[in-house]
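K.L.:
Next up is a structure, given as structure tokens.
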Amino acid sequence: MTDTDIVNVATPKTLPVTVRVPGVTTILGEFAYHSQGKVLCCTNTQELIVSLSESPDNQVHVFNSFTGDRKKFSLTSLKFRKEDKWANYVKGILQQLSENNVRLKPFNVEFSGSLLKNDGAKLCAAVSVGVSTALKAYLGFEISDRELAFMCYKSCTFYCGELTKFSTILAMLCAEEGRYLLVDMDSLTHIMLDDPFDDKCILAIVDCKIPPLAMREEIIHKHSQVSNAFDRLKRIYPHSLKDFPIGDLIDRTIPLDEESRKICIAVLEDRFAAANMQKYFSLKAYQHIGKSLTKIGKLFRDDLEITCPELDWLIKRAFEVPSCMGASFVFNGDNVYAVLIGARQDAPLYEAKLEDYERIFGFKAKAVALRPCGKCEIISS
Numbered sequence: 259m260t261d262t263d264i265v266n267v268a269t270p271k272t273l274p275v276t277v278r279v280p281g282v283t284t285i286l287g288e289f290a291y292h293s294q295g296k297v298l299c300c301t302n303t304q305e306l307i308v309s310l311s312e313s314p315d316n317q318v319h320v321f322n323s324f325t326g327d328r329k330k331f332s333l334t335s336l337k338f339r340k341e342d343k344w345a346n347y348v349k350g351i352l353q354q355l356s357e358n359n360v361r362l363k364p365f366n367v368e369f370s371g372s373l374l375k376n377d378g379a380k381l382c383a384a385v386s387v388g389v390s391t392a393l394k395a396y397l398g399f400e401i402s403d404r405e406l407a408f409m410c411y412k413s414c415t416f417y418c419g420e421l422t423k424f425s426t427i428l429a430m431l432c433a434e435e436g437r438y439l440l441v442d443m444d445s446l447t448h449i450m451l452d453d454p455f456d457d458k459c460i461l462a463i464v465d466c467k468i469p470p471l472a473m474r475e476e477i478i479h480k481h482s483q484v485s486n487a488f489d490r491l492k493r494i495y496p497h498s499l500k501d502f503p504i505g506d507l508i509d510r511t512i513p514l515d516e517e518s519r520k521i522c523i524a525v526l527e528d529r530f531a532a533a534n535m536q537k538y539f540s541l542k543a544y545q546h547i548g549k550s551l552t553k554i555g556k557l558f559r560d561d562l563e564i565t566c567p568e569l570d571w572l573i574k575r576a577f578e579v580p581s582c583m584g585a586s587f588v589f590n591g592d593n594v595y596a597v598l599i600g601a602r603q604d605a606p607l608y609e610a611k612l613e614d615y616e617r618i619f620g621f622k623a624k625a626v627a628l629r630p631c632g633k634c635e636i637i638s639s
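With the working numbering as the guide, the letters of the sequence shown map in order to residues 259 to 639.
In structure tokens:
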């Protein structure tokens, strides 16, 4: 952006300003950044509530209602401090706004909502989007959703050092109720897909209730492995991956080590599956959607080794339901959920199996139909 990209031209709102930021579920394309692929995602009912109010002094005061932590800092000192933990997420977006000539004012900000139980990339994205949206209303500066998404992404990745996906931020800012986003990670553009699921066929997600941080380190490690594998591939094939001949990997024509070969195949297959969803969704081709999800789930389980006993159990039980057309897992920010597609009328059959899940693992899992929600919104001002 240039110095003239952001100017105070809108009518500012007085404090307090309260913003709701939704969570994001990634159905396909978790590793699309590495393969120039596409991401199929939608927002969900999880939320972060960001409440801006007047500051009693010249400091920014932040409060996390989940942990009870309080932090404060000056707008003239936005340096990253490890001990400030999640408060750095606020400083990062303020730093970006300041660099883009937004005249900041001190404020209080309180965070509440279900997203606070997470940490890392997911919470960082939600805080960046929520604080910037609230300040946009309060200070009255104009900026497009796309420009704001880039600003939030820079804050999360460069300032905070979090593995935040651009597609997650874009979904928070641009999602439409009842529609999925298909984000092209090569052009960083997106299209909206109507939700194909209805009263007869549902896409259900199952929270296996393992602690959010249990999978976080594994997901970060897998992203590192995928990045390294594609770096090796690009040294051998220094061209665009958009038209990469995956058959050359499958039949071992390209001289890549075996571990990297498996990883690249899994991620490239995921890319193809996400790209096909535009057609499958428009045709309501449930069988094809189910088969695609199942295939990618198996590749990620076997070749990327993303799994745990709880997820394996939930997916295996899904295929015992007569109408199940597919089962896999999805990425819900810093955690992983099971996902299955089947007839709504058979949902009680699967729910009955979850009683055994609680007896075996000690967690009470719950299956709910995934309904795409809307974008970040101001709920009071």
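Cβ coordinates follow ideal geometry from the N, Cα and C atoms, glycine included.
I'd like to confirm the pairing. Which residues does DSSP put opposite Pro-280 in its beta bridges?
P.N.:
Residue numbering aside, residue 280 sits at position 22 when the sequence shown is read from its first letter. Glu-305.
K.L.:
Between Gly-505 and Ala-596, what straight-line distance do the alpha-carbon atoms span, to the nearest angstrom?
P.N.:
Along the sequence shown, read from residue 1 onward, the residue named residue 505 stands at position 247. Along the sequence shown, read from residue 1 onward, the residue named residue 596 stands at position 338. In a straight line, the C-alpha of Gly-505 is about 29 angstroms away from that of Ala-596.
K.L.:
Might you give, ordered along the chain, the residues of its own chain that have their beta carbon closer than 6 angstroms to the beta carbon of Phe-589, omitting 5 neighbours on each side?
P.N.:
Position 331 of the sequence shown, counting from 1, holds the residue named residue 589. Cβ neighbours of Phe-589 beyond the five flanking positions: Thr-284 and Glu-288.
K.L.:
Bridge partners of Val-387, per DSSP?
P.N.:
Indexing the sequence shown from 1 puts residue 387 at position 129. Answer is none; Val-387 lacks a bridge partner.
K.L.:
Could you check the C-alpha separation between Gln-294 and Asp-570 for me, to the nearest Å?
P.N.:
Here residue 294 refers to the residue found at position 36 of the sequence shown. Here residue 570 refers to the residue found at position 312 of the sequence shown. Distance between the alpha carbons of Gln-294 and Asp-570 is about 29 angstroms.
K.L.:
Return the residue from the list Arg-617, Cys-410, Glu-616 and Leu-461 that minimises the CA-CA distance to Arg-629.
P.N.:
The residue you call residue 629 lines up with position 371 of the sequence shown. Ranking the options by Cα distance to Arg-629, first place goes to Leu-461.
K.L.:
Smallest Cα separation from Val-275: which of Ser-390, Val-282 and Ala-290?
P.N.:
Numbered from its first residue, the sequence shown carries residue 275 at position 17. With distances taken between Cα atoms, Val-275 lies closest to Ser-390.
K.L.:
Using only CA atoms, which one of Ser-370, Glu-341 and Met-450 lies nearest to Gly-326?
P.N.:
Residue mapping note: residue 326 aligns to position 68 of the sequence shown, counting from 1. Of the listed residues, the one whose Cα sits closest to Gly-326 is Ser-370.
K.L.:
Straight-line CA distance for Asp-515 to Glu-527?
P.N.:
Taking the sequence shown and counting its residues from 1, one reaches residue 515 at position 257. Taking the sequence shown and counting its residues from 1, one reaches residue 527 at position 269. Asp-515 and Glu-527: Cα-Cα distance of roughly 18 angstroms.
K.L.:
At what residues does the alpha helix (DSSP H) containing Ala-553 begin and finish?
P.N.:
For this step, residue 553 is matched to residue 295 along the sequence shown. According to the sequence displayed, residue 553 carries Lys and not Ala. Its alpha helix (DSSP H) spans residues 544–560.
K.L.:
Could you tell me whether the Cβ atoms of Gly-281 and Ala-384 are closer together than 9 angstroms?
P.N.:
Indexing the sequence shown from 1 puts residue 281 at position 23. Indexing the sequence shown from 1 puts residue 384 at position 126. Closer than 9 angstroms, so yes.
K.L.:
What number of angstroms, rounded off, separates the C-alpha of Ser-638 from the C-alpha of Thr-334?
P.N.:
Here residue 638 refers to the residue found at position 380 when the sequence shown is read from its first residue. Here residue 334 refers to the residue found at position 76 when the sequence shown is read from its first residue. One C-alpha to the other measures close to 29 angstroms.
K.L.:
By Cβ distance, which residues of its chain are closer than 7 angstroms to Ile-478, with the 5 residues on each side in sequence left out?
P.N.:
Here residue 478 corresponds to residue number 220 of the sequence shown, with the count starting at 1. Taking C-beta separations shorter than 7 angstroms and ignoring five residues to either side along the sequence, the partners of Ile-478 in its chain run Leu-421, following chain order.
K.L.:
Taking the C-alpha atoms as reference points, what is the distance between Arg-519 and Val-525?
P.N.:
Looking up residue 519 in the sequence shown gives position 261. Looking up residue 525 in the sequence shown gives position 267. Whole-angstrom Cα-Cα distance: 10 angstroms.
K.L.:
Expressed to the nearest angstrom, what Euclidean distance is found between the alpha-carbon atoms of Lys-574 and Met-443?
P.N.:
As a working mapping, residue 574 is identified with position 316 in the sequence shown. As a working mapping, residue 443 is identified with position 185 in the sequence shown. Rounded to the nearest angstrom, the two C-alpha atoms are 32 angstroms apart.
K.L.:
Indicate the three-state DSSP secondary structure (helix, strand or coil) for Ile-351 in the structure shown.
P.N.:
Translated into the one-based positions of the sequence shown, residue 351 becomes position 93. Correct three-state label for Ile-351: helix.
K.L.:
Starting from the Cα of Glu-475, find the closest Cα among Pro-513, Tyr-411 and Ala-379 and give me that residue.
P.N.:
By one-based count along the sequence shown, residue 475 stands at place 217. It is Ala-379 whose Cα lies nearest to the Cα of Glu-475.
K.L.:
Check whether the region 333–347 and the region 405–418 touch, using three or more Cβ-Cβ pairs below 8 angstroms as the test.
P.N.:
yes
K.L.:
For the beta strand (DSSP E) containing Asn-322, list its first residue and its last residue.
P.N.:
The sequence position of residue 322 within the sequence shown is 64, counting from 1. DSSP places Asn-322 inside the beta strand (DSSP E), whose first and last residues are 317–322.
K.L.:
In chain order, what residues of the same chain have a beta carbon less than 7 angstroms from the beta carbon of Thr-262, not counting five sequence neighbours either side?
P.N.:
In the sequence shown, counting from the first residue as 1, residue 262 sits at position 4. Bear in mind that the predicted position of Thr-262 carries a pLDDT of just 41, short of 50, making it unreliable; the figure below should be weighed with that in mind. No residues qualify anywhere along the chain.
K.L.:
Looking at the structure shown, is Ile-460 part of a helix, part of a strand, or coil, going by DSSP?
P.N.:
Taking the first residue of the sequence shown as position 1, residue 460 is located at position 202. DSSP places Ile-460 in strand when its eight states are reduced to three.
K.L.:
Please classify His-497: does DSSP put it in a helix, a strand, or coil?
P.N.:
Position 239 of the sequence shown, counted from the first residue, corresponds to residue 497. Of the three classes helix, strand and coil, the one that applies to His-497 here is coil, per DSSP.
K.L.:
Strictly by DSSP, which residues pair up with Lys-624?
P.N.:
Within the sequence shown, numbered from 1, the residue matching residue 624 stands at position 366. The partner list for Lys-624 (beta bridge, DSSP) reads Asp-465.
K.L.:
Can you tell me the Cα-Cα spacing of Pro-454 and Tyr-538, whole angstroms?
P.N.:
In the sequence shown, the residue the question calls residue 454 occupies position 196. In the sequence shown, the residue the question calls residue 538 occupies position 280. So the alpha carbons of these two residues sit roughly 9 angstroms apart.
K.L.:
DSSP state of Ala-433, grouped into three classes?
P.N.:
For this step, residue 433 is matched to residue 175 along the sequence shown. Three-state result, Ala-433: coil.
K.L.:
Can you tell me the Cβ-Cβ gap for Ala-387 and Met-450, rounded? I've got them flagged as a contact below 8 angstroms.
P.N.:
Taking the sequence shown and counting its residues from 1, one reaches residue 387 at position 129. Taking the sequence shown and counting its residues from 1, one reaches residue 450 at position 192. Checking the sequence shown, residue 387 turns out to be Val, not Ala. About 18 angstroms separates the beta carbons of Val-387 and Met-450, which is beyond the 8 angstroms limit, so they are not a contact pair.
K.L.:
Is the separation between the beta-carbon of Leu-310 and that of Phe-399 shorter than 9 angstroms?
P.N.:
Within the sequence shown, the letter at position 52 stands for residue 310. Within the sequence shown, the letter at position 141 stands for residue 399. No, the pair does not count as a contact, with Cβ atoms beyond the cut-off.
K.L.:
Can you list, in chain order, the residues of its chain whose CB lies under 8 angstroms from that of Glu-616, leaving out five sequence neighbours each side?
P.N.:
Mapped onto the sequence shown, residue 616 falls at position 358. Around Glu-616: Lys-622 and Ala-623.
K.L.:
Quick one: what does DSSP say Phe-619 is sitting in, helix, strand or coil?
P.N.:
The residue you call residue 619 lines up with position 361 of the sequence shown. The answer is helix: DSSP assigns Phe-619 an H, G or I state.
K.L.:
Under 8 angstroms, with one C-beta from each stretch per pair, do the region 595–611 and the region 577–587 reach the 3-pair mark?
P.N.:
yes
K.L.:
I believe Val-318 touches Lys-330 by the beta-carbon criterion, under 8 angstroms. Please report the beta-carbon distance rounded to the nearest angstrom.
P.N.:
Within the sequence shown, the letter at position 60 stands for residue 318. Within the sequence shown, the letter at position 72 stands for residue 330. Between Lys-330 and Val-318 the Cβ distance is about 6 angstroms, and since that is below 8 angstroms, they are a contact.
K.L.:
Determine the closest residue to Cys-566 out of Ala-472, Ser-550, Asp-614 and Ile-494, with distance taken between C-alpha atoms.
P.N.:
The count along the sequence shown starts at 1 and reaches residue 566 at position 308. When each option's Cα is compared against that of Cys-566, the closest is Ala-472.
K.L.:
Does Glu-341 pass the burial test, meaning 16 or more other C-beta atoms within 10 Å, or should it be called exposed?
P.N.:
Residue mapping note: residue 341 aligns to position 83 of the sequence shown, counting from 1. Glu-341 comes out exposed.
K.L.:
Name the DSSP bridge partner or partners of Asp-452?
P.N.:
Position 194 of the sequence shown, counting from 1, holds the residue named residue 452. Arg-437, per the DSSP bridge assignment.
K.L.:
Between which two residues does the beta strand (DSSP E) containing Leu-598 stretch?
P.N.:
Counting from 1 along the sequence shown, the entry for residue 598 is found at position 340. For Leu-598, the uninterrupted beta strand (DSSP E) segment begins and ends at 594–601.
K.L.:
Quick one: Cα of Ser-550 to Cα of Cys-418, how far?
P.N.:
Here residue 550 corresponds to residue number 292 of the sequence shown, with the count starting at 1. Here residue 418 corresponds to residue number 160 of the sequence shown, with the count starting at 1. Spanning the two alpha carbons is a distance of roughly 35 angstroms.
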